[in-house]
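Engineer:
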Amino acid sequence: MKDQWNILEEAWIDAAALDGAWRKLSPLDALRDAALLRLLAVSSPLDEFAVHRFLMTLLYWKADSVGGVAALRTKLLAGVVPIEVIAAVASERGHFELFDPMRPFLQDPSAADPKPQKPVGSLFAEVATGTNIAHFDHSRDGESPLCIPCIARGLLRLVPWSQSGGAGLSPSIHGAPPIVVMPRGATLAVTLGLSLVDLPAPIGEPVWTGAFRPSSFAGRIPVLKALTWNPRCVYLPHAERDDRCGLCGTRGPVISRIHYKKNKAVLRPKSNGAKAVPLDWRDSGFVYAEQSAEPIKSSSESKAAIAEDVSGLASTSTEVQEGSVFTIVIPCTNPANNKTYDHRRIEVRTVAELARLTVPHHGAEGRELANDPIGAAAIGWPTSTVGAAVRSAISRFVAAASGALKDADWILLGRALGRPMNEDAEAFAVFSAVYWQVRLGGRSQFRRAAAWPLLKLMALVPSDRRAGSADADLAPLLDALPTGQASRSRFEQSDSEPYPVAPPRGHALEFALATAVDAQVARGASIPWIELGAFLHNASR
Ligand SMILES: [Zn+2]
């Protein structure tokens, strides 16, 4: 198995070129081509910031080769990435080997135990491990293997995104994950220039390998110390086998367990047993309230639900560059344990826009959901009311389908569940025959996009349940659809506001309805096909 993997030279960063084409690049190529790239196209907002931050660290480090940070910033804003800087970074390639036996990148070989103890998912807040319980998929807790490029992203998260909590782990230099404000220009070069602020602190030296040790907790923290401040001691074993990565799904060499420990050297001295002394470090990526040593965080679930967690940033004086946008990365952190339970990314043209932000799928003012957290209307379900002409068309459609189609037809239709019309020619031929009958009976106003899922749902039930039933009730079906909220009782028992959710659409709605229909049939209930058709008709708008 390959035992050399250089994080500077391997292509693992996704980016979008100016013409919109997708490219996979190494960090060195991303710097080289920064004037030809529109942006980093990273799916996780946390990774987007961490990767961006890594490139920034390289630039701060080698800014001297063109006369310092201010001079490099000017060149980047003019769209030029000086070749002197790229050459200087490239000449340091020896610091960036992930599997170097003596000096592995961002790792500490002295952290190695006889066997790696922690799941590799410990590198990611959203991968379920240990006390990271609030996130997504728990099916393979503790054993989900990850590919090397994903692990590289995870290592880069250690510096900006380490959380506290759990077994006495220290957070990143800036405490619990703050809200990021990233100015973005027309090209990656300009974006990097906008973030490369000449900070009022000594530049210092980066710590690329071994256990990170602060030179001092007092006085201004040097820039490169802060940008490589690593609260963990991590060491990667070699890849074990080929498997599918638990995060990106790529097949290749994977690692499932790593050495992952706290770094005691970053524990801050405490003044008389009270709170840890704040460090003298101001990060250009975060926003600070007046006279506060810690950057602004999103720590109230109620405020996050209606975007009030970011509105306060609007009054801060972030430099506004013409033609640029701002990417706001918002990790939502529970103040009780300092763990993030969610993260969002929004884009605004000016920071002032944050004051007027609403949550679109909440309704116009963003507060409807808070007033009616569980109700169907609150998550955007349409009412099933339709006009007489549409109702009559749906009724003809259901009658034509249940009267004319044969077992083989229904089997083809059931097989097409979740697929669009153009992906299954056989099922589509069956559908067209029925839909055409409806149109012959008058100009149908029953939408094709609603008739297609309705017919496939009809295919799922026993043949004697396919006729329209006048007395069947739609409400139990809709109640069985996912609301996206944790549970009804959770919101009845606490005063927290529910989190914004979007109702499922498209194939997700089809699968949700299929599950609900199955449950109704198992209970012996009839399905109100015409009402369901009306619901789909409105939902397909
Ligand atoms: Zn992966």
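Residue numbers (the working numbering): 396 to 936.
Glycine included, each C-beta is placed from N, C-alpha and C at the ideal position.
From a predicted model like this one, the values you see are computed outputs, not experimental measurements.
#1: Between residue 398 and the rest of its own chain, which residues show a CB-CB distance below 7 Å, the 5 nearest in sequence each way excluded?
#2: In the DSSP assignment, what residue or residues form a beta bridge with residue 653?
#3: Is residue 642 near ligand 1, going by C-beta to nearest heavy atom under 6 Å?
#4: So, at 6 Å on beta carbons, what are the nonlocal neighbours of residue 656 in its own chain, with the 5 sequence-adjacent residues on each side left out?
#5: Does the beta carbon of residue 542 fall short of 6 Å from some heavy atom of ligand 1?
#6: Out of 849, 622, 699, which has the shortest C-alpha to C-alpha gap to residue 680?
#7: In the DSSP assignment, the beta strand (DSSP E) including residue 734 goes from what residue to what residue?
#8: Would residue 608 and residue 442 be called neighbours here (beta carbons separated by less than 7 Å)?
#9: Report all residues from its chain with a CB closer than 8 Å to the CB of residue 591; omit the five preceding and five following residues, and keep chain order.
#10: On the criterion of 16 or more Cβ atoms from any shown chain inside 10 Å, does residue 835 qualify as buried, or is it exposed?
#11: Tell me the DSSP secondary structure of residue 665 in three-state form.
#12: Rounded C-beta distance between residue 511 and residue 653? I'm assuming under 8 Å.
#13: Cutting at 6 Å between CB atoms, please list the residues of its own chain near residue 739, excluding the five before and the five after it.
#14: Would you please state the rounded distance, in angstroms, between the beta carbons of residue 400 and residue 409? I believe it to be under 8 Å.
#15: Would you check if the distance between the CB atom of residue 825 and the CB atom of residue 802 is smaller than 7 Å?
#16: For a test of your reading of the model: does the CB of residue 727 fall under 6 Å from any non-hydrogen atom of ligand 1? Yes or no.
#17: Compute the beta-carbon to beta-carbon distance between residue 626 and residue 566, rounded to the nearest angstrom, for a pair I have assumed lies under 8 Å.
#18: Would you grab the beta carbon distance between residue 851 and residue 811 for me? Rounded to a whole angstrom, and I think it's under 8 Å.
#19: Return helix, strand or coil for residue 492, following the three-state DSSP convention.
#20: Considering only heavy atoms of ligand 1, does any lie closer than 6 Å to the CB of residue 628?
#21: For residue 608, report the span of its beta strand (DSSP E) as first-last.
#22: Following a CB-centred definition, is residue 645 positioned closer than 6 Å to any heavy atom of ligand 1?
#23: Just the C-alpha distance for residue 717 and residue 677, rounded to the nearest angstrom, thanks.
#24: Considering Cα atoms alone, identify which of 910, 498, 496 is closest to residue 813.
#25: Out of 873, 593, 659, which one is the CA nearest neighbour of residue 1020?
#26: Kindly provide the ranges of any alpha helix (DSSP H) runs that are 4 or more residues long and lie completely inside the region 430–475, ordered along the chain.
#27: Given a threshold of 16 other Cβ atoms within 10 Å of its Cβ, counted over all protein chains shown, does residue 643 qualify as buried or as exposed?
#28: Please determine, among 461, 437, 492, 438, the residue with the shortest C-alpha to C-alpha distance to residue 479.
#29: Determine which residues share a DSSP beta bridge with residue 724 and list them.
#30: Can you check whether the CB of residue 749 is closer than 7 Å to the CB of residue 708?
Structural biologist: Let's see:
#1: Hits under 7 Å: 494, 633.
#2: DSSP output for residue 653 lists 513 as bridge partner(s).
#3: Flag set: Cβ of residue 642 near ligand 1.
#4: Apart from sequence neighbours up to five positions away, the residues of its chain that approach residue 656 with a beta-carbon distance below 6 Å are 506, 628, ordered along the chain.
#5: Residue 542 Cβ: within cutoff of ligand 1.
#6: Of 849, 622, 699, the residue nearest in Cα terms is 622.
#7: 734–743 is the span of the beta strand (DSSP E), which, as asked, contains residue 734.
#8: No, these two residues do not count as a Cβ contact at 7 Å.
#9: These residues qualify, in order along the chain: 451, 454, 455, 458, 464, 467, 468, 471.
#10: Classified as exposed, residue 835 has fewer than 16 neighbouring CB atoms from the shown chains inside 10 Å of its CB.
#11: DSSP places residue 665 in the strand class (E or B) of the three-state scheme.
#12: Taking 8 Å as the upper bound for CB-CB distance, residue 511 and residue 653 are in contact here, some 5 Å apart.
#13: Cβ within range, chain order: 725.
#14: About 17 Å separates the beta carbon of residue 400 from that of residue 409, a gap too long to meet the 8 Å contact definition.
#15: No; because the gap between Cβ atoms is not below 7 Å, this pair is not in contact.
#16: No, ligand 1 has no heavy atom inside 6 Å of this Cβ.
#17: So it is a contact: roughly 6 Å between Cβ atoms.
#18: Indeed they touch by this definition, with Cβ atoms about 6 Å apart.
#19: Strand at residue 492.
#20: No, since every heavy atom of ligand 1 falls outside the 6 Å radius drawn around the Cβ of residue 628.
#21: Where residue 608 is concerned, there is no enclosing beta strand (DSSP E), given that its DSSP letter is neither H nor E.
#22: With a cut-off of 6 Å, the C-beta of residue 645 is classified as near ligand 1, since at least one heavy atom of the ligand falls inside that distance.
#23: In this prediction, residue 717 has a pLDDT of 49, which is less than 50 and means its spatial position is unreliable; what the coordinates show is noted afterwards. Taking the straight line joining both Cα atoms gives about 25 Å.
#24: Out of 910, 498, 496, 910 has the C-alpha closest to the C-alpha of residue 813.
#25: Absent from the structure is residue 1020, since the part of the chain shown begins at 396 and ends at 936.
#26: Whole alpha helix (DSSP H) segments, 4+ residues: 440–457, 464–472.
#27: With fewer than 16 other beta carbons inside 10 angstroms of its own, residue 643 counts as exposed.
#28: It is 461 whose Cα lies nearest to the Cα of residue 479.
#29: According to DSSP, residue 724 bridges with 575, 740.
#30: Yes, Cβ-Cβ distance for residue 708 and residue 749 is below 7 Å.
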